[in-house]
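Trainee:
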Amino acid sequence: DPVLQLTGVAKTYNKGLPNAVQVLQAIDLTVQPGEIVALVAPSGAGKSTLLHIAGLLDTPDAGSVRICGAEMVGESDRKRTGVRRSDVGFVYQFHHLLPEFTALENVMLPQLANGVPRAEAQTRAADLLCRVGVEARSEHRPAALSGGEQQRVALCRALANEPRLLLADEPTGNLDPETSAQVFATLMGLVRDTGLAAVIATHNMELAARMDRVLRMDKGVLTPA
Ligand code: ADP
Ligand code: ADP
3 DPVLQLTGVA
13 KTYNKGLPNA
23 VQVLQAIDLT
33 VQPGEIVALV
43 APSGAGKSTL
53 LHIAGLLDTP
63 DAGSVRICGA
73 EMVGESDRKR
83 TGVRRSDVGF
93 VYQFHHLLPE
103 FTALENVMLP
113 QLANGVPRAE
123 AQTRAADLLC
133 RVGVEARSEH
143 RPAALSGGEQ
153 QRVALCRALA
163 NEPRLLLADE
173 PTGNLDPETS
183 AQVFATLMGL
193 VRDTGLAAVI
203 ATHNMELAAR
213 MDRVLRMDKG
223 VLTPA
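Under UniProt numbering, the first residue of the sequence shown is numbered 3, with each subsequent residue one higher.
#1: Considering just the uninterrupted stretch of the alpha helix (DSSP H) at methionine 110, what are its terminal residues?
#2: By DSSP's criteria, isoleucine 69 is part of a beta bridge. Which residues make up the other side?
#3: Going by C-alpha to C-alpha distance, which of Val11, Leu26 and Gly36 sits closest to leucine 168?
#4: Hey, out of Asp3, Leu19 and Leu53, whose CA is closest to leucine 224's CA?
#5: For ligand 1, is there any heavy atom lying closer than 8 angstroms to the beta carbon of proline 44?
#6: Does the stretch 78-90 come close enough to the stretch 144-158 to have 3 or more Cβ pairs within less than 8 angstroms?
#7: Run the proximity test for threonine 51: is its beta-carbon closer than 8 angstroms to any non-hydrogen atom belonging to ligand 4?
#8: According to DSSP, arginine 215 sits in a beta bridge with which residue or residues?
#9: Any heavy atom of ligand 1 within a distance shorter than 8 angstroms of the CB on asparagine 176?
#10: Are alanine 127 and valine 109 touching if we call contact CB-CB under 9 angstroms?
#11: Count the other CB atoms, across all protein chains shown, that sit within 10 Å of the CB of glutamine 113; report buried if there are 16 or more and exposed otherwise.
#12: For a test of the three-state rule: what should DSSP assign to glutamine 24, helix, strand or coil?
#13: Less than 9 angstroms between the C-beta atoms of alanine 210 and valine 201, yes or no?
#14: Pull up the DSSP beta-bridge partners for threonine 125, would you.
#15: Have a look at serine 88 and lysine 221 and give me their C-alpha separation to the nearest angstrom.
#16: If threonine 204 and alanine 40 are in contact, beta carbons under 8 angstroms, what's the gap, nearest whole angstrom?
#17: Do you know offhand how far proline 144's Cα is from threonine 104's?
#18: Report the residue from Asn163, Glu73 and Phe96 whose alpha carbon sits nearest the alpha carbon of residue 2.
#19: Using 8 angstroms as the cut-off, classify the Cβ of tyrosine 94 as near or not near the heavy atoms of ligand 1, replying yes or no.
#20: Rounded to whole angstroms, what's the CA-CA distance from glycine 18 to proline 44? Just pull it up for me.
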């Protein structure tokens, strides 16, 4: 099965009201295991809406959302939250790490929430931090880290529960070009190593060109670039 399969996905905000805005018209998107898809879209094109629907944080008005073959539209919130927690990892433009916890603890927390024993969560968190090159920063809080280090830790947190799907919304958009390229290379390496599927929204065409497939999003429709 594809990791993600969206068929005919449509979304209108404020439906039926004078200020209704149709953000997604008929989105078809299939992402196979190991595939990295770039989503290139102008601001306001609906990419956040699309990523939230794909990640089960929002529901479409019409269409089908399948994760690893299972239909999620019409499922209970409880079921969707369970699938999101085990199968989906998110990375954003800003790290959203918890400020009062260390880097290591930030990567342990999603695992503890999923019932992983503490020792195992710690081992896995340390391993992930090592793989992205920030092991020396494990005991530091987010505020003590550079922007690139913060995004590396956020990437580790997204992968902590070994998801099958990574959804990233401008994951290097807040970094200077050099740091952005480095963090992006780390992200691509880690995604390739783990064989997970990824949808990565970016404005950066140079980075997009290094992914397996580039899709443009405009006026609620996806087109191959
Ligand atoms: P992008 O991530 O591509 O910038 P979004 O998915 O955030 O786009 O938003 C697409 C459009 O939908 C924008 O015009 C935005 O103003 C509108 N929008 C987003 N969320 C809401 C909401 N909760 N209610 C109403 N309009 C929204
Ligand atoms: P609960 O409300 O049952 O604690 P949530 O739905 O808040 O569960 O969170 C489940 C998972 O989804 C968490 O791993 C969290 O990181 C992620 N998540 C929840 N809300 C958002 C959001 N707005 N953006 C990104 N990830 C989110």
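Here a beta-carbon is modelled for each residue, glycine too, at the ideal position from N, C-alpha and C.
Keep in mind the model is a prediction, meaning the values are calculated, not measured.
Mentor: Quick answer:
#1: Numbered from its first residue, the sequence shown carries residue 110 at position 108. Methionine 110 -> alpha helix (DSSP H) spans 105-115.
#2: Position 67 of the sequence shown holds residue 69. Note: isoleucine 69 sits in a beta bridge opposite Leu6 and Ala72.
#3: Locating residue 168 in the sequence shown gives position 166, counting from the first residue. Per the Cα distances, Gly36.
#4: Looking up residue 224 in the sequence shown gives position 222. The shortest Cα separation from leucine 224 among Asp3, Leu19 and Leu53 belongs to Leu53.
#5: Walking along the sequence shown from the start, residue 44 turns up at place 42. Yes, the beta carbon of proline 44 sits closer than 8 angstroms to at least one heavy atom of ligand 1.
#6: no
#7: Questions concerning ligand 4 fall outside what the structure shown contains, since the ligands it does hold are ligand 1 and ligand 2.
#8: For the purposes of this step, residue 215 is identified with residue 213 of the sequence shown, where counting begins at 1. According to DSSP, which records beta bridges pairwise, arginine 215 is partnered with Val39.
#9: Numbered from its first residue, the sequence shown carries residue 176 at position 174. Checking every heavy atom of ligand 1 against the Cβ of asparagine 176, none is found closer than 8 angstroms.
#10: Start at 1 with the first residue of the sequence shown, and residue 127 comes out as number 125. Start at 1 with the first residue of the sequence shown, and residue 109 comes out as number 107. Cβ atoms of alanine 127 and valine 109: closer than 9 angstroms.
#11: The count along the sequence shown starts at 1 and reaches residue 113 at position 111. Per the 10 Å Cβ criterion, buried.
#12: Counting from 1 along the sequence shown, the entry for residue 24 is found at position 22. Correct three-state label for glutamine 24: strand.
#13: Walking along the sequence shown from the start, residue 210 turns up at place 208. Walking along the sequence shown from the start, residue 201 turns up at place 199. No, these two residues do not count as a Cβ contact at 9 angstroms.
#14: For the purposes of this step, residue 125 is taken as the residue at position 123 of the sequence shown. None, per the DSSP bridge assignment.
#15: Along the sequence shown, read from residue 1 onward, the residue named residue 88 stands at position 86. Along the sequence shown, read from residue 1 onward, the residue named residue 221 stands at position 219. For serine 88 and lysine 221, the distance between alpha carbons rounds to 32 angstroms.
#16: In the sequence shown, counting from the first residue as 1, residue 204 sits at position 202. In the sequence shown, counting from the first residue as 1, residue 40 sits at position 38. The pair is a contact, with the Cβ atoms about 6 angstroms apart (cut-off 8 angstroms).
#17: One-based indexing of the sequence shown puts residue 144 at position 142. One-based indexing of the sequence shown puts residue 104 at position 102. Computed Cα separation, rounded: 7 angstroms.
#18: Since the first residue shown for the chain is 3 and the last is 227, residue 2 is missing from the structure and cannot be characterised.
#19: Your numbering for residue 94 matches position 92 in the sequence shown. It does not: the Cβ of tyrosine 94 is nowhere closer than 8 angstroms to a heavy atom of ligand 1.
#20: Against the sequence shown, residue 18 aligns to sequence position 16. Against the sequence shown, residue 44 aligns to sequence position 42. Approximately 26 angstroms, taken between the alpha carbons.
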